[in-house]
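K.L.:
When the letters of the sequence shown are read in order and numbered with the UniProt record's numbering, they come out as residues 1 to 289.
Handing you this structure, nothing more for now.
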Amino acid sequence: MISPLARRLRLGTAIRELRDQAGLTGTELGRAAGLDRTAVSKVENGERRPLDTILKLLDVLVPESDERYRGLQRVARDGLAKGWWTNLEYAGMGDRQAKTADIESGARTIREYQNSLLPGLVQTEAYSRHRGQVALDDGADFDLNGTVAGRMRRQQQISGPDGSEYDVVLEPQAIERLPVPPTVMREQLQHLLTLATTRENVRVRVLPVDARLGRGYVPRSPFSLYAYPDPEDLTLVAVDTVTADLLVTDPREADRYARLFDQLRDAALSEEDSADLIQKAADKLAAEA
1 MISPLARRLR
11 LGTAIRELRD
21 QAGLTGTELG
31 RAAGLDRTAV
41 SKVENGERRP
51 LDTILKLLDV
61 LVPESDERYR
71 GLQRVARDGL
81 AKGWWTNLEY
91 AGMGDRQAKT
101 ADIESGARTI
111 REYQNSLLPG
121 LVQTEAYSRH
131 RGQVALDDGA
141 DFDLNGTVAG
151 RMRRQQQISG
161 PDGSEYDVVL
171 EPQAIERLPV
181 PPTVMREQLQ
191 HLLTLATTRE
201 NVRVRVLPVD
211 ARLGRGYVPR
221 SPFSLYAYPD
231 PEDLTLVAVD
241 TVTADLLVTD
251 PREADRYARL
261 FDQLRDAALS
271 EEDSADLIQK
281 AADKLAAEA
């Protein structure tokens, strides 16, 4: 399943472009389709809307005999699909993580930059649970068991036979700092090392402190890029903030993040040297035990 959200965003972009080409405002399109302006706005913004609402808009903008009509109708149906994250079993994972699971679904490539912690797609259960407990102790309100279960299920996106190509760049503190007890961190580092050295679709690189960064720009926040098999789908960027993820959908802005990631990856250690650094960090924890 390709991310339903990515499909809805693609559809919304297409509807907006067709409306502009027709010289219609949102209000005018809604009136012609027998809808109000709010319905048009919600479709264009990628919100989930009934299929008949979307078809009414397409009927105004594109002849049914046009190949684009059938293509967008298929995209609309994909956008209404429900993924595993909507199952009652995973209700406790929370809206933020469910949205992440949606965006990850069916991605051809996932590229991530993390400056302090390890990304959810490579976390062990113990690491995830401890970090969640820290957030709860700090005043957050969520279902810890549900959050951990969702995170473990999400990892099938890179561990399955058709897993996404996963490329992550980590700052040194993500592997050297101890945000969890030493025994948990040692297990986590060994797990990360196993993924990096045994999975052909997983690439882990560490960005050293003295890395030469070309123009020298360093991102202020962790971010993730998602690209899908169909080139007509948008490349999405999720920028991590304290309480939410900022979703970037504009192609020009997404391209800037893609170029930034390439700059960070090219300045990072090789996969082999990164694996050696991770192993040394794990060995140090073992020696201190």
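The beta-carbon is built from N, C-alpha and C at its ideal position, and this holds for glycine as well.
Looking at the secondary structure, which residues open and close the beta strand (DSSP E) in which residue 279 lies?
P.N.:
Position 279 of the sequence shown, counted from the start, is the residue given in the question as residue 279. Element bounds for residue 279: not the beta strand (DSSP E) but the alpha helix (DSSP H), 271-288.
K.L.:
Start and end of the beta strand (DSSP E) containing residue 226?
P.N.:
Looking up residue 226 in the sequence shown gives position 226. Per DSSP, residue 226 belongs to the beta strand (DSSP E) from 223-227.
K.L.:
From the DSSP output, in three-state form, read off residue 47 for me.
P.N.:
Along the sequence shown, read from residue 1 onward, the residue named residue 47 stands at position 47. Here residue 47 sits in coil by DSSP.
K.L.:
Quick one: what does DSSP say residue 126 is sitting in, helix, strand or coil?
P.N.:
Along the sequence shown, one-based indexing puts residue 126 at 126. Helix, per DSSP.
K.L.:
Just curious, the beta strand (DSSP E) that residue 100 is in, first and last residue?
P.N.:
As a first step, residue 100 must be located in the sequence shown, where it is residue number 100. No beta strand (DSSP E) holds residue 100; the alpha helix (DSSP H) holding it covers 95-104.
K.L.:
Give a yes or no on whether the C-beta atoms belonging to residue 1 and residue 105 are separated by under 7 Å.
P.N.:
In the sequence shown, counting from the first residue as 1, residue 1 sits at position 1. In the sequence shown, counting from the first residue as 1, residue 105 sits at position 105. Against a cut-off of 7 Å, the Cβ pair of residue 105 and residue 1 comes out as a contact.
K.L.:
Under 7 Å, do residue 239 and residue 261 count as touching if we go by C-beta distance?
P.N.:
Within the sequence shown, residue 239 is the residue found at index 239, counting from 1. Within the sequence shown, residue 261 is the residue found at index 261, counting from 1. It is not a contact, given that the beta carbons lie outside the stated cut-off.
K.L.:
Determine which residues share a DSSP beta bridge with residue 70 and list them.
P.N.:
Mapped onto the sequence shown, residue 70 falls at position 70. According to DSSP, residue 70 bridges with nothing at all.
K.L.:
Look at residue 30 and residue 43 and say whether their C-beta atoms are less than 7 Å apart.
P.N.:
Position 30 of the sequence shown holds residue 30. Position 43 of the sequence shown holds residue 43. For residue 30 and residue 43, no; Cβs fall outside 7 Å.
K.L.:
Are the CB atoms of residue 10 and residue 75 nearer to each other than 7 Å?
P.N.:
The sequence position of residue 10 within the sequence shown is 10, counting from 1. The sequence position of residue 75 within the sequence shown is 75, counting from 1. A contact, by the Cβ cut-off of 7 Å.
K.L.:
Judging by CA-CA distance, which residue of 85, 162 and 267 is the nearest neighbour of residue 209?
P.N.:
In the sequence shown, residue 209 corresponds to position 209, counting from 1. If we check each option's Cα against that of residue 209, 267 comes out closest.
K.L.:
With 16 as the cutoff for other CB atoms within 10 Å, does residue 234 come out buried or exposed?
P.N.:
By one-based count along the sequence shown, residue 234 stands at place 234. By the neighbour-count rule (16 or more Cβ atoms within 10 Å), residue 234 is buried.
K.L.:
Quick one: complete alpha helix (DSSP H) runs, 4+ long, within the region 127-192?
P.N.:
If we require 4 residues or more, the alpha helix (DSSP H) runs fully inside the region 127-192 come out as 144-154, 156-159 and 173-176.
K.L.:
Which residues does DSSP pair with residue 112 in a beta bridge?
P.N.:
Within the sequence shown, numbered from 1, the residue matching residue 112 stands at position 112. DSSP, once it has assigned bridges, lists 168 and 224 as partnering residue 112.
K.L.:
Give every residue of the same chain whose Cβ lies closer than 7 Å to the Cβ of residue 37, excluding the five residues on either side of it in the sequence, and list them in chain order.
P.N.:
Against the sequence shown, residue 37 aligns to sequence position 37. Closer than 7 Å at Cβ, skipping near neighbours: 26, 27 and 30.
K.L.:
Counting only the same chain and skipping the five closest in sequence on each side, list residues whose C-beta sits under 8 Å from that of residue 251.
P.N.:
Residue mapping note: residue 251 aligns to position 251 of the sequence shown, counting from 1. Around residue 251: 234 and 235.
K.L.:
Look up residue 107 in the DSSP assignment and say whether it is helix, strand or coil.
P.N.:
In the sequence shown, residue 107 corresponds to position 107, counting from 1. Of the three classes helix, strand and coil, the one that applies to residue 107 here is coil, per DSSP.
K.L.:
In the DSSP assignment, what are the bridge partners of residue 245?
P.N.:
Here residue 245 corresponds to residue number 245 of the sequence shown, with the count starting at 1. Partner(s): 240.
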